[in-house]
Structure formats: C-alpha cells, structure tokens
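**Q** In this note's numbering, the protein residues as written are 117 to 548.
Glycine included, each C-beta is placed from N, C-alpha and C at the ideal position.
In this text, all values refer to a predicted model and were calculated from it rather than measured experimentally.
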Amino acid sequence: MAAKTAAASKSRTTWFTNDRFGMFIHWGLYSMPARHEWVRNRERITNEQYEKYFERFNPDLYDPKEWAKMAKAAGMKYFVITTKHHEGFCLWDSKYTDYKATKTPCRKDLLKAMVDAFRAEGLKVGFYYSLLDWHHPDFPIDKIHPQRDDKAFREKEKKRDVRKYAEYMRNQVTELLTKFGKIDILWFDFSYPGEDGKGHKDWESEKLLKLVRKLQPDIMIDNRLDLPGSGDFETPEQFQPAEGLKDKEGNPVVWEACQTFSGSWGYHRDEMSWREPEELITTLIDCVSKSGNLLLNVGPTARGEFDYRAQERLAKFAEWMKRHDRSIYGCQQAPAEFKCPKGCSLTYNPETRRLYLHILVWPYKHITMEGKAFTSQVEYAQFLHDGSEVAMKGLEEWQSAHKLGGENSLSITLPQMKPNVIVPVVELFLKK
Ligand code: GLC
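Quick look at the structure:
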C-alpha cells in the first residue's frame, strides 16, 4: 500500500512543523568543476572524463563541527545532506561500491563525522539519496543521462538491468538507515516517469518504501518516489507557493520549500546571482506564514568549507533569529479572521496565542489591522527584537477625519525610524 495513514504521518511530522527551518547541503565531486551539480548532464561528461575529480578529491579543510555550529547559530534545527547525488559518488563508506569518499585521496567517511557533529549541536538528521545514478553500470541510459546523445554508447549499454540497480539502491538505503543511528528524514530525488524517463516501476518504489518504513518507522519521507500519497511532505523547489499547500480534499498538507542562495545547489564559483539576506529571511517568514518549512541550501567547496557568501548570509540569519525565532518556531499561518495588513506577513503561535506581524515595508507611522478579531483579541503589542512596547493607538482626534480604517480596526503607532534589524516584528498578545 503506497498511501500512508494520515495519523501516522502527522505524528512523524510534529517535530518538523514545529522546527520550520533546516539546512540542505549539496556536496560531492561536483564541487571541483564548481559549475553546478548537473555539470555531467549539461556538458555530457562521461565517467572516464569525470574520473579526474574522483582521483583528486581531497577536502582537507573539512570541519563538520564548524558547519554544524553555523547551521545551529542560523537557527536551523535539522539538516539534509546529499549522501549520493546524481553523479553517483557516495560520501560514506558503502560496501556496495568503490565510488566513494574513502577511495579518493581524502580517505575518510565524510558522512559519519557530519552526522555526529550535527547531532552534537542538537540538529536532526536528514539523508538525501539520489534515485538517479549517472555512474552506476546497471543504471539504464535515459533522457537525462550525460551520454543520452551517444547512440553507439546507448546501443552498447542497452542491456543494463534496472532491477539490479534497484537492488543496489535498497542495499545502500539499508546501510544508510542501519549504520548512522536514528535518521529523521529521507529525501529521495527524483522521478521523471514517461518516455525515456524513470519512475516508481524502475525504482521499485513500493519495495523501497516498505524497507525504509521497516528499518526506521518514524522517519519522514519526501514525495519524489512517484507514488502518489506516499510522501509525508511536499517539496516545492525554487519557487514559493502562493498560499499554503492543500490536498485534493482541501486539507492543509505538510510542506517544505527547498531554496538556494544563488541558483545552483552544488558549489558554483562563478555564480553571481546571490540573494540578499533580507530576501532570504523574508522567504523563511513567507514559508511559516503559509504553514510551511524552509530548507535552505549550502554548497560547500572542494576543500570542505562553506563559501564565504554563504557564511555571510548564515551570519545574518543568526543575528536575526537570535531575537526573532519566536515568530518562527512553533508558528504557522494565522487564523483567517486575522487579515494581514499590506506590506506585512503574519505568523501565529497557537500554544502561546501570539501573533507576529512581520513588517516588510516600513510604513509612515501607523499600521492598521482590520477586523473585529484584532480589536477584540489583541491585548498588548511589543517589538520582538527589544521587547519595547508598541502603542496600540491610532490617529489623534484631530486627524480622525481621515480615518485609517473602519470602526473595527486596530492601529499601532510605530517609531519614525525602522529598528536596526533586517525585518522588524511586532508581537501581538491575544486574550487567552
Ligand atoms: C533537483 C535537482 C537537484 C537538487 C534537487 C533539490 O531535483 O535535480 O540537483 O538536488 O533539485 O531539490
């Protein structure tokens, strides 16, 4: 049975919908060409041509404790690491292949140390595992394989047996789920069924899923196995949904947007399209305001460090989250009766009954919130960054000819200058 039961899925995802913010890490041989993790596909690079990276892979500055500290400081509560990406290279010492870190000049199991370091900082552990494998001899050539256009190669390799490859995946997934302790998330990537593609029949997704559930009953699994209804969460990628995601019956579903700093997932030296910290922080707020999570990606370099631009942005998150994480953790979309004022974004903590008004555009003195829900329920307002009171009064008598809002509107009066934080937040205490 592919479909999960709603109750089981809910209990698996409780920590996740509380924590809201995680770090994606894309790290593999592609950090050496340093021009996108799909470089093999884009430039049609053969196994032989790609070998030069394997022979020289040696991230000598790798210090996963540093990574874990940066993630934690930024407010991230879990991480997801590419144990194997589409290139097929494995970060751990798999006994089913020699295409792994321990056989490169680096000689180390890179995964083990990472899992230990992140756990020590209190982060939960997620494994990304690519369903595609452009290096494996049993992986049939298809429309996105690097050698898709090489007719002679296709002909020569046409006997590749996807069943053997599916078994290889089950063996590797068994290793990943038995040798590293409790794993919280398994992130399979990805299916492209149809002509010259691959889907659940190729991966033997049902079998794979059963195996995962047997080995780690509480693990969360994403939705990319091409088995409708099997995922614990949806994974919008490189776009922000316009509103919270729903299933066919209109019930909200658990979701996590995965986003990059600059476009590429793997380390990309020359990419200059890095997002500003403000946009990134706003993206996290946007996710939570729609009851979603954000998985924000870092692509470490071939020497094993986070790119300086990633470090700069993580530091901005750290600064902001230190004072504002209350508007993120344990928060979700605000109840519909609280209509979000213009230029703002609202989140809500149902446990503490507090609303968080994120001010994205600094207004001229007042913000007016329309509706009885505000006037009848808000008791107190303060800035989150410094705990200073925000006056809950609107216009002076003499200004009221130009009323800000209707009768049932609550105005707050803000200081002339925007506080010295990237996104200021007003915490609104609701009556219990
Ligand atoms: C895409 C890409 C991949 C990346 C993933 C992250 O599916 O294939 O390179 O790992 O998105 O969501």
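Give a yes or no on whether the C-beta atoms belonging to P457 and T484 are separated by under 8 Å.
**A** Yes, Cβ-Cβ distance for P457 and T484 is below 8 Å.
**Q** Short check: CB of D249 to CB of H316, under 8 Å?
**A** No, Cβ-Cβ distance for D249 and H316 is not below 8 Å.
**Q** Do three or more CB pairs link the region 286-303 to the region 176-192 at distances below 8 Å?
**A** Result no; under three Cβ-Cβ pairs closer than 8 Å.
**Q** Let's test the definition: count the other Cβ atoms within 10 Å of the Cβ of R223 and tell me whether it reaches 16, buried, or not, exposed.
**A** It counts as exposed.
**Q** Only counting the same chain, and skipping five residues up and downstream in sequence, which positions put a Cβ closer than 8 Å to that of M117?
**A** Since pLDDT at M117 reaches only 43, below the 50 mark, its modelled position is unreliable, and the value read off the structure follows with that caveat. Result list for M117: empty, nothing under 8 Å.
**Q** Where does F132 sit, in a helix, a strand or coil, going by DSSP?
**A** The answer is helix: DSSP assigns F132 an H, G or I state.
**Q** Return the bridge partner residues of Y245 from the DSSP annotation.
**A** Y245 is bridged to K200 and F304.
**Q** Taking E453 as the reference, give the member of G446, Y464, Y445 and A268 with the closest Cα.
**A** Selected option, being the one with the closest Cα: Y464.
**Q** Could you spell out the range, first to last residue, of the beta strand (DSSP E) harbouring E543?
**A** First-last of the beta strand (DSSP E) with E543: V541 to L546.
**Q** Under three-state DSSP, which class holds M192?
**A** If DSSP states are grouped into helix, strand and coil, M192 belongs with coil.
**Q** Tell me whether the region 310-329 and the region 403-422 touch, counting them as touching only if at least three CB pairs, one residue from each stretch, are closer than 8 Å.
**A** Touching, no.
**Q** Just checking F377 against the ligand GLC - is the residue's beta carbon closer than 7 Å to any of the ligand's heavy atoms?
**A** For the ligand GLC, not one heavy atom lies less than 7 Å from the Cβ of F377.
**Q** Determine the DSSP secondary structure at N174, reduced to helix, strand or coil.
**A** Three-state result, N174: coil.
**Q** Starting from the Cα of Q448, find the closest Cα among K219, L544, L293 and I401 and give me that residue.
**A** The shortest C-alpha separation from Q448 is found at I401.
**Q** What beta strand (DSSP E) runs, 3 residues minimum, are completely inside the region 206-265?
**A** The qualifying runs are 240-246.
**Q** Quick check on the DSSP output: the beta strand (DSSP E) that includes R470 runs from which residue to which?
**A** Element bounds for R470: R470 to I475.
**Q** Where do the ends of the alpha helix (DSSP H) carrying V537 lie?
**A** Note, V537: premise wrong, no alpha helix (DSSP H); not H, not E.
**Q** On a CA-only basis, which of T398, Y480, K200 and E273 is nearest S246? Give me that one, please.
**A** Checked all of T398, Y480, K200 and E273; the closest Cα to S246 is K200.
**Q** Less than 8 Å between the beta carbons of E387 and S378, yes or no?
**A** In contact: E387 and S378 (Cβ atoms closer than 8 Å).
**Q** Between which two residues does the alpha helix (DSSP H) holding C447 run?
**A** No alpha helix (DSSP H) contains C447, which DSSP labels as neither H nor E.
**Q** Looking at the secondary structure, which residues open and close the alpha helix (DSSP H) in which E283 lies?
**A** Where E283 is concerned, the enclosing alpha helix (DSSP H) stretches over V278 to T294.
**Q** Using 8 Å for Cβ pairs, my map puts E273 next to I257. What's the rounded Cβ distance?
**A** Between I257 and E273 the Cβ distance is about 6 Å, and since that is below 8 Å, they are a contact.
**Q** Mapping the DSSP letters down to three states, classify P180 as helix, strand or coil.
**A** P180: helix per DSSP, three-state reduction.
**Q** Take K446 and list the residues in its own chain whose beta-carbon comes closer than 7 Å to its own, dropping the five residues that flank it on each side.
**A** Per the sequence presented here, residue 446 reads as Gly, with Lys not at that position. Closer than 7 Å at the Cβ level, and outside the excluded window around G446, lie N134, N465 and E467.
**Q** Helix, strand or coil for R385? Go by DSSP, reduced to three states.
**A** R385 falls in the coil class under three-state DSSP.
**Q** Let me check understanding here. Comparing Cα to Cα, which of W319, H252 and T417 lies closest to R279?
**A** Answer by Cα proximity: W319.
**Q** Is any heavy atom in the ligand GLC found nearer than 7 Å to the beta carbon of F306?
**A** Correct: F306 has its Cβ closer than 7 Å to the ligand GLC.
**Q** In this structure, what does DSSP give as the bridge partners for R151?
**A** Its beta-bridge partners are H384.
**Q** So, for Y212: in the same chain, excluding its five sequence neighbours on each side, which residues have a beta-carbon less than 8 Å away from its beta-carbon?
**A** Y284, N287, Q288 and E291.
**Q** What span of residues does the beta strand (DSSP E) with M139 cover, start to end?
**A** Note, M139: beta strand (DSSP E), F137 to I141.
**Q** Is it a yes or a no for the region 384-398 touching the region 530-545, going by three-plus beta-carbon pairs under 8 Å?
**A** Yes: the two stretches touch, three or more of their Cβ pairs being nearer than 8 Å.
**Q** Would you identify the three-state DSSP class for A431, choosing helix, strand or coil?
**A** Helix, per DSSP.
**Q** Quick check on DSSP: helix, strand or coil for V370?
**A** Three-state result, V370: coil.
**Q** Would you decide whether K314 is buried or exposed? Buried here means 16 or more other CB atoms lie within 10 Å of its CB.
**A** That one is buried.
**Q** Please return the same chain residues whose Cβ sits closer than 7 Å to the Cβ of T417, not counting the five positions on each side in sequence.
**A** Correct list, in chain order: S147, Y383 and D423.
**Q** Who are the Cβ neighbours of I161 in its own chain at under 6 Å, not counting the five residues just before and after it?
**A** Result list for I161: P262, in chain order.
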